[in-house]
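Under my numbering, the first residue of the sequence shown carries the number 47, and numbering increases by one thereafter.
Note that the Cβ used here is the ideal one computed from N, Cα and C, for glycine as well.
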Amino acid sequence: MPGSTLTPAALDRLRELLDRRRAAIVDAGTDWITAQSLDLQGRRPRAETRMLVDREFDAYRALLIDGDPTIRDAFVEFTTTLRATAEFRISTLLRGFLCFRRGVEAILESEALDAEARLEIIRALDEAYFDTAFVMADVYAAKLLEVLQRTQEQLMQREKLAALGGLVAGVAHEINTPMGVAVTAASLLRDRLRGLAADFEGGQLRKRALGDFLRDADEAAALTLGNLERASELVASFKQVAVDQSHASRRRLRLGPYIRETLASLTPLYKRTPHRLALALDDAIEAELDPGAISQILTNLIQNALSHAFDDAQAGTITITLARVGDQRAALTVADDGRGLSPEERRRIFEPFFTTRRGSGGSGLGMHIVHNLVSEALGGVIRVDSAPGEGTAVRIEIPLAPAPASASASASTSGPAA
Ligand SMILES: Nc1ncnc2c1ncn2[C@@H]1O[C@H](COP(=O)(O)OP(=O)(O)OP(=O)(O)O)[C@@H](O)[C@H]1O
Ligand SMILES: [Mg+2]
47 MPGSTLTPAA LDRLRELLDR RRAAIVDAGT DWITAQSLDL QGRRPRAETR MLVDREFDAY
107 RALLIDGDPT IRDAFVEFTT TLRATAEFRI STLLRGFLCF RRGVEAILES EALDAEARLE
167 IIRALDEAYF DTAFVMADVY AAKLLEVLQR TQEQLMQREK LAALGGLVAG VAHEINTPMG
227 VAVTAASLLR DRLRGLAADF EGGQLRKRAL GDFLRDADEA AALTLGNLER ASELVASFKQ
287 VAVDQSHASR RRLRLGPYIR ETLASLTPLY KRTPHRLALA LDDAIEAELD PGAISQILTN
347 LIQNALSHAF DDAQAGTITI TLARVGDQRA ALTVADDGRG LSPEERRRIF EPFFTTRRGS
407 GGSGLGMHIV HNLVSEALGG VIRVDSAPGE GTAVRIEIPL APAPASASAS ASTSGPAA
């Protein structure tokens, strides 16, 4: 404990010195810090600086003379709270805590003390200073960490909002195209209808013109209908993007059998293809989660493998694996031995509206929805391992029981499949 190294004689001398020359020590310390702290100079009035040095004096006096660190600790708390905004450097704080030692040093010069007593006092001051520096570094680092965590949460929130904004703009853009075509086709139909009505009223309607009209009208109606259907599909998949986070549908179940059931319901998707599914499921794994999320994820991943991974000539295999990861987590992997993803595709696969099938039914929302389901509904993480010609493996790791607080989530893409 600082102060305890002082001999009784030196302790008496130091106490006497501190009490008799308090004002002079505080003044000298204030002079020193004013000259030192370039970042504060001119900004803080001298009286205010002196008040801080005065509080510091009390803190050190209690520490050195009474062996009591409580005033010092309270002062450390006070100064670090003021500054835990990452705007101040810790060196500034440390320099602040040095001014008591500097103040005493300056006054010692004018005191008639023998060299040994002087040395003893200086040593005690050094020890007290180092002890304070360690305490302060710990407290300050803990506070900075708190500030960082808060900032990170805010940034993540902001990022989510920005992503949502982008999504809304994307949806508007995507829906605009089919709606535009539908409107054009419908107004074409109306114009042709008006022409037909005019011909009819003027008694000029020919059989041939009626035949042309019927053909054009059928085309226009088909175009309108097809594009409206496309728009409503987009709206439907967009609705899935906003994953339902209410835990009403959460229940405890054995994952293996549930996955088998889901895959059985998908049979029509691949029955008439040369492709096959291979299963390696640990049937003992139980989890408490929303099973709807699991089946939606599986549906999207199987659909993707079937429509993107294989060319027509190929007979592909989709392997679905479920395994335990430690005590608390499970890994669900859907892997195909198809064409694999280019680095660009792998990087962008979770982006809303990223698709290589625009114009032939792809909305590019599938993997975005999967990502949201994994991170939001299941509190897990998702990773895609793939390289051109080496197939694609989507690995999902989820907790077997819901996290007590808000679940953390992240996504990453990484190296080629093994
Ligand atoms: N198993 C896979 N093999 C090869 N490419 C894939 C695979 N899965 C996804 N992709 C690529 O990633 C893109 C994005 O997939 P995503 O599921 O998000 O959209 P999509 O399937 O094109 O459209 P949607 O799922 O909305 O109908 C696909 O267009 C495809 O290029
Ligand atoms: Mg898809």
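- As for any alpha helix (DSSP H) of minimum length 4 sitting wholly inside the stretch 373–412, the runs are 389–394, ordered along the chain.
- Set against 8 Å, the gap from the CB of H354 to the closest heavy atom of ligand 2 is smaller.
- It is roughly 35 Å from the alpha-carbon of G425 to the alpha-carbon of A361.
- Collapsing the DSSP output to three states places I428 in a strand.
- Nearest to C145 by C-alpha distance, out of P320, L57 and Q82, is Q82.
- Within the same chain, E443, I444, P445 and L446 come within 7 Å of R375 by CB-CB distance, once the 5 residues on both sides are set aside.
- Residue pairing of R300 in beta bridges, as defined by DSSP: E332.
- Contact between A161 and R59 is ruled out by a C-beta separation of about 13 Å, above the 8 Å threshold.
- Sequence-distant Cβ neighbours of V72 in its own chain, meaning closer than 7 Å and more than five residues away, are R96, V99, D100, F103 and G149.
- In the three-state reduction of the DSSP assignment, E443 falls in the strand class.
- For T363, the pairing in a beta bridge is given by DSSP as R322.
- Where P91 is concerned, there is no enclosing alpha helix (DSSP H), because DSSP gives it neither an H nor an E.
- Under DSSP, T438 forms a beta bridge with D382 and S432.
- DSSP places R204 within a helical segment (H, G or I) once states are collapsed to three.
- Annotation: the continuous alpha helix (DSSP H) that includes P337 extends over P337 to N350.
- Between G384 and F356, the C-beta gap is smaller than 9 Å, which places the two residues in contact.
- In the three-state DSSP reduction, L327 falls in the strand class (E or B).
- Closest in alpha carbon position to Q349, among S311, D336 and G372, is S311.
- T401 and E279 have their alpha carbons spaced roughly 15 Å apart.
- By the C-beta criterion, the stretch 389–399 is judged to be in contact with the stretch 205–223, since at least 3 inter-stretch pairs fall below 8 Å.
- Taking 9 Å as the cut-off, the Cβ atoms of R147 and D177 do not count as close.
- Here the alpha carbons of T197 and T80 stand approximately 32 Å from one another.
- Distances from the alpha-carbon of A333 to those of R240, R169, T125 and P303 put P303 closest.
- Those residues whose C-beta sits under 5 Å from the nearest heavy atom of ligand 2 are, from N- to C-terminal order along the chain, N350 and G412.
- Annotation: the continuous alpha helix (DSSP H) that includes G75 extends over R68 to Q82.
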